[in-house]
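Chemist: Before anything else, here's the structure in question.
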Amino acid sequence: MNQVELLFYGGLLIVIIGLLGVISRKNLLSILMFQELSLNGVNLVLVAGSILHHNYHGAILSFITFIVTAAEMAIAILILLLLIKKRKTLDVTFYSELKG
Amino acid sequence: MSELFLILFFPLVGFLINGLWGSRLQEKSCALIGCAFPLLSLFLLTYKTAVSDFYGVSILFTWVSFENLTIDFALKLDHLSLLMSFIVLGIGSLIHIYSTKYMHGDQSFARYFSYLNLFLFFMLLLVLANNLLVMFIGWEGVGLASYLLIGFWYKENENASSGAKAFIVNRIGDIGFLLGIFILAFHFQTINFDEINRAASTANASATMINLSALFLFIGACGKSAQLPLHVWLPDAMTGPTPVSALIHAATMVTAGIYMIVRLHPLYMQATAVLPLIAVIGTLTALLGALVATVQSDIKRVLAYSTVSQLGYMFAALGVGAFYPAMLHLFTHAFFKATLFLSAGAIIHALHGEQDIYKMGGLAKKMPWNMVAFLLGSLCLAGVPLTSGFISKEAILMHTYSHSHSYSQTLTILLLITAALTAFYISKTFFLVFLPSKNGSEKPLHAIAFAMSLPVIALAILSIVVGLFHIPAFMENYLNLAKSITIKEEAHILIPALSLSLSAFAIAIAYLITVKQIKIVPKILEQKFYFDHLYEKVLLSTLRAFCKRVLATIFEVKIIEAAIWSMRDLVLFSSRRVTLLTNGQIQWYVLLILMALSLLMVWWFYV
Amino acid sequence: MLKLHLLFCCLAVASAVVMLLVRHPMKMALALVATMLNLAIVYGLSGAHVLAIGQVLIYVGAVMIFMIYVVMLLDIKDSSLVRPLSRYLFAAVVVLLLIAGISYHQLANTVTTQTLQAITPVGDMLSFRQFSEHFLEEYWLHFELSSVLLLVTTVAAITVLNFKKGTESL
Amino acid sequence: MFKFTLGLSLFLPLILLLLPSQKERVVAWVNMGIQLLLLALFFTMLTNSELCEFSFTLSESLGLHYHLLIDEFNKYLILLTALIFPLVTYASIDFIKTEKKLFHLMLALSYLLIVQTFLAQNLLFFYAFWECSIVPMFFIIGIWGGGNRLLATYKFVLFTALGSILMLAAILFLVVANYKISGVFTFELQPLLRLQETLPLSAQRWAFLAFAFAFMIKIPVPPFHTWLPYAHVEAPAPGSMLLAAILLKMGAYGFIKFVLFLFPAVVEEWRLPLMAIFVLGALYGSALAFVQNDIKKIVAYSSIGHMGILMLGLVTPSESAISGAMLSMLGHGLTSAALFYSIGLLYERLHTRDLFHFGELATTMPRFSLLFFLITLSAMAVPPTLGFASEFFIFLGAISYSLKMVITSNHYLFIAVSGAAMLTILLGTLYSLRLVKYLLWGKKSEASLLRAGVRDLNLGECSVFTVLLLFIFVLGIYPQFIIESFKLAIKGLSIS
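Residue numbers (our numbering), protein chains in the order written: chain A, 426 to 525; chain B, 641 to 1247; chain C, 4 to 173; chain D, 43 to 538.
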């Protein structure tokens, strides 16, 4: 067990927890947070990969992920606000009009 | 040789003229055209046969030629077909003249004559055919003409349906005829009469093929000549005008079956298994026809059933191999049956359409000429000595008697009984119609034109003359058909004696019955042995019910349509199931994605 | 060195687990901040200084603050908080365990111990200077594009907000 | 000459497009004029029997050649199409009331497509035109049809489309198999013919089934026939004339060209079941025709019966049966076109198709009843007509083949099958006479009493009938010159 292995397994674990959270929680806000968490996990795996292959591409990609996440979070929160304004609830199960 | 086609096509020209422009011409010219063309072809025929040796085959064109079978449209004139064409044209022309007056005043006069000429054309085609196919074309054409003529007064539905019945029963026979042609075409690679006859008598012809083809051709003959199983159409064919019954259902069309068998008699000589069948069916039909005729009240139906029984006689003769007596009986029967029908027509015409013999009476004085003709005709039919009927019937009875088969004795007895019955019902009819009786109607009679009584008398004389001046002997060597039976010497005296006593006894009973007005009608005879019932109620209705209920509903709708609609339902059902998958929950979709991902990973890494 | 790494990684995972267990969004947000900080430390320890700074500045600084604002401002009491767990929890656990198992198995195969020995220590490859050099040398286009992305996001936010007020200006 | 005729038939729809749509009569007469010209051209071309072939390669590598050829099999079918179409156009002048120009356009389009289908020698082009020929029919039935025409159109299109998809699969299978074996990738029919030796029998069986299924739907052979009564009842009179006279023949023609030629071994192996299916289908069709009350349904089911016998002729390996089948294609085409035309006329006058609403037409419409009676003669296969000649040859071939089978390998089933086939003549007579009895003879039924003023046929309508009857009787009396030209074509089928 050494440093890179640790990073890989840690990152994987965080991603799995993030996904579990996304599916298990009913609150829209918590889903967003868990999604953030899994993204962090992905970044960790990216950095571990860049260390493993001794180049910087992984790190750069994770840096760009920071930017993208920021942009995405802005829009996500905005949509969340609109939803709340319209239906006064954050429970995901209520937003299911797009059914077959 | 091409004059032969001229003779054939004259009636066709008559048919076309009357058919297309008949309605424009008035009655007189239609009648003229109608009678002119058959007389013309009769005259041409007599002139040609008298002047030059006219016999032989003349081919118009090859109808079709495959590599192992060529069929050409050819006519052939030899003694047999000359005799038959004389009957057809002779009696045909007389009946044409007769019907000019009989149909006087009928508004579709031209149509009647065009149909009659069409019938003559097809009958001549049948008679003069050189191969089975041309005969079959004539065969079907004659059936078609009889369908048109039976259903001539198509206003009443009943006439049209009896016409259709005649055509359908003929068609059943024709399917048999076709099968016979195919078997012959397959086996002998030809369907010309003389080639078949020659090939049949050679050794290499297989017995089963000959028997099969003979059987099927006999079924065709049964259909056309109204033998036992397929005889139901002839009595119903009486709904047509009486001259039609005289021409078609007495003299010419119904004899086509016998003519065909006589034309192929070498083949039938070899078909040892089929001959007994023909004899048995012939006798049974004769017996049945005579029995039912005794109880008929309609004069035309009596004559129709008597035709059925006389045809039975001819087939019995064919069955025992007596081809010449059958032809002779056919020849004489054509004349005296035509006389009977025409005089019956005159009677009906006179009594304004009354056909029930029990309502007629005392016509002897009012219609003397008719009475004489009817008397002569019924004498021939009854087989009174010195008449032509007697000679031909005796010839048949002697041949059946001296036929060397175990059953031929029983056949002769049955035929003798039929002869007695024939004498009974024809004399009963004669006495009922002509002897003075109280239930005769007093209405003034419709005047009988000379043109109607002339043919009647001419035919009466002919039917007597044919029997006398040893014409039968001259005809025997003229036709020189194959003879296979030597008459036993005791037959010469036994048969005439027996038949004479029986017919005399029957005439006596008939006289007694008419005088005492006894009218006993046994149920089974009255129902005509339930044959009509069998065809109408049993066969046709079950066929219709089967098609309607089983095929139309169950098969068509329940099985095939249901199968197709069920495919549609299957698609609908499965699509409804799939839509349940998308239930709008985001987490369900994430789960689906993850499941897919896991499956993908498993497949990637481990499969 | 390894022990420090191990410590902070476990801390990150622990706070992630805490996040799972906790019910109220505010507690979850704080747990998330904790995981992010631990991760920043891990980045720092493994030599990726820029990432560590980025993580702290962008993630914790901007995104989480924004998230916490939202949690504080809205503070909605609705059914999602009373019974937080959705129906698909059990199925999710099964699938995720499967995926975790497979990826762990594959990772274990690829990142075997000998390959690890082969790699040289990171050194200052990911240090501030070298990282930013490589970043702006090779990935300048991506950098510009991300700035465009940010611009688009702000414009989108504004239009949605205006639309929200019902004016049809655009 | 061949190129010019093809070109003209190609541009016929375009010419019609340019004409102004208000002057309907002009469009009608132009359409008819060109079709008559085409008839003349085809006739002259076919009589002086120079080989008419036209080939244009689209792509050598894909083996796609736009290859058209008139051979013995499609020669008379082309003539039949060229003859039937002017009559259909003439009929549509007074039958079609709305959107006349569009109707003539559809007719021209289907003329073009049908001729190309008959001529195409390239499998893919054959498939393409086979599919496209449904489209004009879809519009003809869909727009100008009767009551629930939508159901009829969808059923018709779905049935044929489903069938031909299988055919496409089989075509591709063959081409790929040919490519694997001989390394040449081509859709041409000639090279594919050599496949019958190389391709293993089991593969041939599957391809045979796919092709046969597609053609059996089109012919139609029960149990795939349920679209025909719907299509015929709902189609306008010209539409059902076209459908009955030509579209059904495409199925039979396809069966000869692409089944008898491509898979003779399979046909030989499954001859008895095939004959049994066709004969049962014919009996089923004729039996159903006997109990229908709608005259169009009677004629529709009767054409199922006739087509069943035709297919029996095709499957029996005797020269007379196959030439009988070819003749029967012409015969049935002419007869059913005339029958549907007469039903259209009756519907035009009395606006009813119920059998019992007619009666005593012989007095009210004498000319019509004479011509109608002559047509039913051919339907009943009464001697002097073409119907009789073709059925005579088919049964001659079938019976002699089954007798040969009885003698050589005492296999009695063939006799049973061809014997049963003979019953269709009886059933044919039954339903034809029933039709004639209720239409022509008998008392005028009370329904038709109301329309006293029923006008008889005018000269134009009579001429349509006389043209058809002329061919029926002339070919019936003298079929030899057609049989002659089939002789060498049948050699190709290597019949014993």
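All residues carry an ideal CB built from backbone N, CA and C; glycine is no exception. All figures in this text were calculated on a predicted structure; none of them were measured in a lab.
Closest by CA to D814 of chain B, which one among D:Q522, D:Y480, D:V459 and D:F430?
Modeler: D:F430
Chemist: So what's D113 of chain D in DSSP terms, helix, strand or just coil?
Modeler: coil
Chemist: For Y1118 of chain B, count the other beta carbons within 10 Å of its own beta carbon; 16 or more makes it buried, fewer makes it exposed. Which is it?
Modeler: exposed
Chemist: Please work out which residues of its chain come closer than 7 Å, Cβ to Cβ, to L301 of chain D, disregarding the five sequence neighbours upstream and downstream, and give them in chain order.
Modeler: Residue identity differs from the one stated: residue 301 of chain D is Val in this sequence, not Leu. Same-chain partners within the cutoff: F250, F253, A254, F257 and V309.
Chemist: Could you check which residue in D:F434, D:A307, D:L144 and D:E173 has the C-alpha nearest to that of S244 of chain D?
Modeler: D:A307
Chemist: Classify L1174 of chain B as helix, strand or coil using the three-state DSSP reduction.
Modeler: helix
Chemist: What do you reckon, are the CB atoms on F1070 of chain B and L1015 of chain B nearer than 8 Å?
Modeler: yes
Chemist: Output yes if chain B places a C-beta closer than 8 Å to the C-beta of I105 of chain C; else output no.
Modeler: yes
Chemist: Taking DSSP's pairing of strands, which residues face K716 of chain B in a bridge?
Modeler: B:V697
Chemist: Please report the Cβ distance between P1076 of chain B and G961 of chain B, rounded to the nearest whole angstrom; I am assuming they are in contact, meaning their Cβ atoms lie under 8 Å.
Modeler: Their Cβ separation, rounded to whole angstroms, is 48 Å, which puts P1076 of chain B and G961 of chain B out of contact at 8 Å.
Chemist: State the DSSP-derived secondary structure class of E173 of chain D, mapped to helix, strand or coil.
Modeler: Correct three-state label for E173 of chain D: helix.
Chemist: Determine, for V1230 of chain B, whether the minimum Cβ-Cβ distance to residues of chain A falls below 8 Å.
Modeler: For V1230 of chain B, the answer is yes, since a Cβ of chain A falls inside 8 Å of its Cβ.
Chemist: Straight-line CA distance for V767 of chain B to L1121 of chain B?
Modeler: 17 Å
Chemist: Just list the alpha helix (DSSP H) runs in the stretch 888–969 of chain B, keeping only unbroken ones of 4 residues or longer that don't cross its boundaries, in chain order.
Modeler: 896–903, 905–910, 914–934 and 939–959
Chemist: Would you kindly check if the distance between the Cβ of A495 of chain A and the Cβ of V66 of chain C is under 8 Å?
Modeler: Yes, these two residues count as a Cβ contact at 8 Å.
Chemist: Can you name the residues of chain F whose CB is closer than 8 Å to the CB of M464 of chain D?
Modeler: Of the chains in the structure shown, none is chain F; the protein chains are A, B, C and D.
Chemist: Which value, in whole angstroms, describes the spacing of the CA atoms of L165 of chain D and F115 of chain D?
Modeler: 16 Å
Chemist: For I1158 of chain B, which three-state DSSP category applies?
Modeler: coil
Chemist: Quick check on L1240 of chain B - is its C-beta less than 8 Å from some C-beta in chain A?
Modeler: Taking Cβ atoms only, chain A never reaches closer than 8 Å to L1240 of chain B, which makes this a no.
Chemist: Per the contact definition of three or more C-beta pairs closer than 8 Å, is the stretch 852–859 of chain B in contact with the stretch 453–471 of chain D?
Modeler: no
Chemist: Using CA atoms only, rank isn't needed, just tell me which of B:R751, B:W703, B:I727 and B:Y1047 is closest to S663 of chain B.
Modeler: Ranking the options by Cα distance to S663 of chain B, first place goes to B:R751.
Chemist: Beta-carbon separation of S698 of chain B and A714 of chain B under 8 Å?
Modeler: yes
Chemist: Counting contacts by CB-CB distance shorter than 8 Å, is N797 of chain B in contact with chain D?
Modeler: yes
Chemist: How would you call Y118 of chain D, buried or exposed, if buried means at least 16 neighbouring beta carbons within 10 angstroms?
Modeler: Y118 of chain D should be labelled buried.
Chemist: So the candidates are D:K142, D:C94, D:L419 and D:L80; which of them puts its Cα closest to the Cα of V788 of chain B?
Modeler: At residue 788 of chain B the sequence reads Leu, which differs from the Val that was named. Taking only the C-alpha atoms, the option nearest L788 of chain B is D:L419.
Chemist: On the three-state DSSP scale, how would you describe V872 of chain B?
Modeler: coil
Chemist: To the nearest angstrom, report how far apart S172 of chain C and E147 of chain C are at their CA atoms.
Modeler: Annotation note: pLDDT 49 at S172 of chain C (below 50); position unreliable, no value reported.
Chemist: In the DSSP assignment, find the unbroken beta strand (DSSP E) run with S101 of chain D in it and report its ends.
Modeler: Element bounds for S101 of chain D: E95 to S101.
Chemist: Report the residue from B:F971, B:M1000, B:V942 and B:L773 whose alpha carbon sits nearest the alpha carbon of F822 of chain B.
Modeler: B:L773
Chemist: Going along chain D in order, which residues have a C-beta closer than 7 Å to the C-beta of I1200 of chain B?
Modeler: P265 and T268
Chemist: Quick check on this structure: which residue in D:M349, D:E95, D:Y272 and D:F305 has the alpha carbon closest to the alpha carbon of G184 of chain D?
Modeler: D:Y272
Chemist: Nearest-angstrom Cα distance between S538 of chain D and S705 of chain B?
Modeler: Annotation note: pLDDT 43 at S538 of chain D (below 50); position unreliable, coordinate value reported separately. Distance between the alpha carbons of S538 of chain D and S705 of chain B: 16 Å.
Chemist: K338 of chain D lies in the alpha helix (DSSP H); which residues open and close that run?
Modeler: I337 to V357
Chemist: Which residues in chain C have a C-beta closer than 8 Å to the C-beta of Q428 of chain A? List them in chain order.
Modeler: M4, L5, H8 and S49
Chemist: Got a sec: is the Cβ-Cβ distance from M70 of chain C to anything in chain A below 8 Å?
Modeler: yes
Chemist: V98 of chain C touches chain B at which residues, Cβ-Cβ below 7 Å?
Modeler: L1231, L1234, M1235 and S1238
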